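In what follows, a structure is listed as structure tokens, so that the remarks can point back to it.
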Amino acid sequence: MPTNFTVVPVEDGSKSGDAAEGGKPISLGKIFAEEDDVGNSQEPLSGDDNQRESSPFIHSDSDREHYYEGKNMALFEEEMDSTPMVASLLNKLANYTNLTQGVREHEEAEDGVRRVAVMVPQMGTFIGVYLPCMQNILGVILFLRLTWIVGTAGILGSFAIVSMCCICTLLTAISMSAIATNGVVPAGGSYYMISRSLGPEFGGAVGLCFYLGTTFAGSLYILGTIEILLLYIVPTATVFKNNNAEAMLNNMRVYGTCCLLLMALVVFVGVKYVNKLALVFLSCVVLSIMATYAGVIKTLIEPPTFNVCLLGNRSLNNEHFEMCAKMEVVKNNTVTTELWSRFCDSEYPNATCDEYFTLNNLTEIQAIPGLLSGVIQDNLWGDYGPAGTVIEKKSQPSVPTQDPSKDRDENYVFNDITTYFTLLVGIYFPSVTGIMAGSNRSGDLRDAQRSIPIGTILAILTTSFIYISCVVLFGACIEGVVLRDKFGYSVKKSPVIGILAWPSPWVIVIGSFFSCCGAGLQSLTGAPRLLQAIARDGIVPFLQVFGHGKANGEPTWALLLTVGICEIGILIASLDDVAPILSMFFLMCYLFVNLACAVQTLLRTPNWRPRFKFYHWTLSFLGMSLCLSLMFISSWYYALVAMVIAGCLYKYIEYRGAVKEWGDGIRGLSLNAARYALIRLEEAPLHTKNWRPQLLVLCKLDSDLAVKYPHLLSFTTQLKAGKGLTIVCSVLEGTYMTRGNDAKTGEQNLKAAMAAERTKGFSHVVVSSNLRDGFSILIQSAGLGGMKHNAVLMAWPVGWKQAQDFSARRNFIETVRETTAAHQALLVAKNIDHFPGNQQRLKGTIDVWWIVHDGGLLMLLPFLLNQHKVWRKCKMRIFTVAQMDDNSIQMKKDLQMFLYHLRLDAVVEVVEMHDSDISAFTYEKTLVMEQRSQMLKQMQLSRTEREREIQSITDVSRGSIKRKKWSGVQAPPLNIQCIPEDEAQLIHDRNTASHSATNEKAAGAPPDRVHMTWTKDKLLNERNKHRETLGVKDMFNMRPEWENLNQSNVRRMHTAVKLNEVVVKKSHNSELVLLNMPGPPKNKKGDENYMEFLEVLMEGLDRVLLVRGGGSEVITIYS
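Be aware that the sequence shown starts at 2, since it is given in the numbering used here, and climbs by one per residue.
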């Protein structure tokens, strides 16, 4: 790929030409500046990360050419604002370059920092990737612990440990190479790759785990530095002089804290000093490894003269004696040695000595027999043991003592910790970390997409060869008791790898010391920048403060937090205890790198086009499985703690973090899973047991495009115990070309209202030529595949009487008809503003009036409401209506048994509606209704004719009232309201129950009876019976103004009045009343009266939910 671009001045802008002629670095702001801003200073851009990352090139500004001079492309000139010419696009691409390392890709846009100059980076694969990876991988474990691991686990066990860890990092590097070559990876390295591949939740959680791993790595390197200093360089410089383990740990804490503060000061003063010393530190590592290989070769010629003293088969600590003998001859006299004094009471030959010292002889063997000695056979297998066990050479003869407790352990070399295979895995794994060093420097590479894969994989192969060869060579050259001597007490307190090195052990001591110092400084340099990148992304709210720093961008606050966390590792004071913690965080990071590559590969997203082709999803899954296995192999409790930390961070970011759209693979995975699930849902019809309310909420927006009834969304939330689909929709009247922006604004307001009411679902606003068509389209087409709504929730149209036209009434009735035709349930909430909010807690009853069977929805809805905390303390009551010839007691028992099988807890009551004639009040109510309908029809006439018609209707009504008074029948007074120009309305009195009772008393001869039935069949039979035999006496008792009334309307009004009387009597104190909603008349000529019937049915009730079933069973007694 091309690595250098030439900026060619173009004629259509003066800024770019002037900048090019000056020969100075051209700022990105000037390159992407608008043409009409020639005289203005460059301002920082504003915009969201999502817009930048979705653009075809990085850091593109939304520049617009307001005028296009050429005429060759006049056909496209109106689209130049949104679709620039290809030449303009290529010019921007040619002037692109990465930002320098440590600077976040979008920090100029968010923080207003002046743009950096375009400077072409010059680092290649060897300098930019290979050497940094080598320096980070090779370090403290190689020099301080690898010989001990080989001696404890044996050559075969160590080979297995090294192989597992190296294969894990190699597979991770392959996955990382695929991700790193799939586009530009700005500074941020692994955090950027994971977050942009798996989303902000995973990215933030794993990024923080990687940060913690890098921070604890600083603790590990500092502890290694102090261990080398106090054990091998200046062992007398201890603060605590006691020669025990606790004193040593305290010394590590004191010196470690001082070293940490010194390193933090160096990092704070300037990172440039750390970078200048990087080559020195790398040279120390290379020289130490070369000295080790030179020492191995020298053993073929002349093995080193280091010897080990054994008492029986036990290895002795020879720090305090020179001669490995009990007696020595001095001037022809036999005297005791220093070793004798350490095991006996006195220096005299007749002193009382340790029993084991008396029974066993002293033997001196070579510490490093050499490659040709055959010691490799003794070191093939491991030698694990508990803490405090003396290190022994198993092949050496030994006489055991009768009482081992009296042995003087301070003279022997023993295990300081209990050793087992999994522990060694956790301690060794940090030695193979550091493979991200190349990707972290991607901003400084000449060709990152080529250098990162090659340099990282070569570095892993090289270091893997070094580790495996060292395992074999250590086992083939060094005596087993020396290998198991962690601190070199048996070889004059020298590092074991040091006595193998040539020309001197000091090469290893000094080299490893500076290597650990350099690695610690790099950890303290990299960790704060990683935290700063996470904080500036804004996905973790409580980390916002750590995104700030000094004027030059140095992360001061992040450095302070890093030092604090690093101090925790220092206080642990044991390299062997810190290493497994470090392993957990790095393994989790590598696990998610593999997961990111596997997810992207399996999803086959169009944007997944890595230049690195040698990857496969099976390799990524193998690497992921290996990482997970190593986590639990190393330390299962540390693994659980690390996973809990990552899980908590994930959930925190999910609920409190900023919403980011980075085109991540988890979103793609969700889309694939959703598509698969939707296809599966359509393969078979839904079973009754799986039925749940999938709500289409018809929401109304006011003139400001705000939600008119927010409590409708609260009620939706309270109904969602079924966890079904929720689609909140609204309709705007007009055309999409003119009201497209209003639709988007309305949709945003819907989303905001849903968030405020905690309604989880989808929002949608459509624009239609009229509201009726819009709602019809939503009812027909909302949802997708098997995830379509099966119920419609809407508010009762409270202003339908006051409306000048019939649109509100017509829209409501047509919605009822369409939901019935579509076999969808309908829920209509009256007085929705009186419904409780999500913060209220109700105590009382939810009353269900089960008039006709609707599939069980009436009984399921109270159960769903009881699951929400608002309605949880409300009891459920079920009322049903029986006629006189029904056995009410048996009906109650049957209903109670039915509810028992349905597993519903409810109080059952059977209401008997007594026989009664059609009262005068009912006739008068019907008369007022029909008069109103006639009046509304006349409202379409001219103004003069309308006034005349209204006056005549009013006169008729007044005359009706007077005749009723003359007849001696007490009827409700009719309130007459002055009718303005724009609307006319006759308001009737609503004291239904009292007037109905009065009319019952005034009734004379028994009329034909109208009954309310419990079942649908009984109701139909009663209606047919009523049609066949019309009450003769009622006809004779009719008033003159009632003669022309529609008898069907009279019967319907009678039903509404009588049922309302019973419901108000029983349920006036209930928190919610659920009623069967009668359907609209099949003949549309009766539509004008349907709404009036429903109003009468609901009079006197505060919260009412009318329920109309969808025609299918939604509840079952079977499991």
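Just so you know, even glycine gets a beta-carbon here, dropped at the ideal spot from N, CA and C. Note that the coordinates shown come from a computational prediction; the quantities given were computed from them, not determined experimentally.
query, result
"DSSP bridge partner residues for residue 845 (one or two, in chain order)", "875"
"Own chain residues within Cβ distance below 7 Å of residue 528, not counting five before or after", "212, 215, 216, 219 and 563"
"Coil, strand or helix - residue 700 by DSSP", "coil"
"Candidates 1092, 418, 228 and 908, of which the one nearest residue 517 by Cα", "228"
"Of the listed residues 766, 709 and 721, nearest to residue 734 (C-alpha basis)", "766"
"C-alpha gap between residue 719 and residue 173, whole angstroms", "47 Å"
"Contact the segment 725 to 733 vs the segment 812 to 829: 3+ CB pairs below 8 Å", "no"
"Within the segment 394 to 478, ranges of the alpha helix (DSSP H) (whole runs, at least 4 residues)", "422 to 429, 438 to 441 and 449 to 478"
"Coil, strand or helix - residue 826 by DSSP", "strand"
"Rounded straight-line distance, which links the Cα of residue 639 to that of residue 633", "8 Å"
"Local Cβ density within 10 Å of residue 688, reported as buried at 16 or more and exposed below that", "exposed"
"Range of the contiguous beta strand (DSSP E) that encloses residue 1093", "Unbroken run through residue 1093 is the alpha helix (DSSP H), 1088 to 1099; no beta strand (DSSP E)."
"Beta-carbon gap between residue 577 and residue 424 smaller than 9 Å", "yes"
"Beta-carbon proximity list for residue 1118, same chain, < 7 Å, skipping 5 on both sides", "902 and 903"
"Option nearest residue 841 by Cα separation, candidates 832, 861, 871 and 815", "871"
"First through last residue of the beta strand (DSSP E) which encompasses residue 763", "763 to 769"
"Alpha-carbon to alpha-carbon, residue 434 and residue 209", "17 Å"
"For residue 656 and residue 203, the rounded distance between their alpha carbons", "13 Å"
"C-beta contact flag for residue 899 and residue 850 at 9 Å", "no"
"Distance CB(residue 436)-CB(residue 138) smaller than 9 Å", "yes"
"Pairwise C-alpha distance: residue 909 and residue 894", "9 Å"
"Residue burial classification, residue 379 (beta-carbon count within 10 angstroms, cutoff 16)", "buried"
"Meets three-Cβ-pair contact criterion under 8 Å: the segment 669 to 681 and the segment 753 to 772", "no"
"The segment 534 to 554 / the segment 588 to 595 touching (three or more Cβ pairs under 8 Å)", "no"
"Extent of the continuous beta strand (DSSP E) run through residue 731", "727 to 734"
"Counterpart residues of residue 138 in DSSP-defined beta bridges", "For residue 138, which the question treats as bridged, DSSP gives no partner whatsoever."
"Beta-carbon proximity check, residue 250 vs residue 239, cutoff 9 Å", "no"
"Residue 865 beta carbon less than 9 Å from that of residue 776", "no"
"Where residue 721 falls, given that 16 or more other Cβ within 10 Å makes a residue buried", "buried"
"Rounded separation between residue 1088 and residue 798 - CA only", "15 Å"
"Three-state secondary structure assigned by DSSP to residue 1126", "The structure shown does not extend to residue 1126, since the chain is modelled only from 2 through 1120, so no value can be given for it."
"Same chain only: Cβ atoms within 8 Å of residue 610, ignoring 5 sequence neighbours per side", "183"
"Residue 717 versus residue 833: straight-line alpha-carbon distance, rounded", "11 Å"
"For residue 366, the three-state DSSP class (helix, strand or coil)", "strand"
"CB-CB length for residue 631 against residue 165, believed under 8 Å", "7 Å"
"For residue 970, three-class secondary structure by DSSP", "Below a pLDDT of 50, predicted positions are generally treated as unreliable, and residue 970, at 38, falls in that range; the measurement from the model is reported next regardless. DSSP places residue 970 in coil when its eight states are reduced to three."
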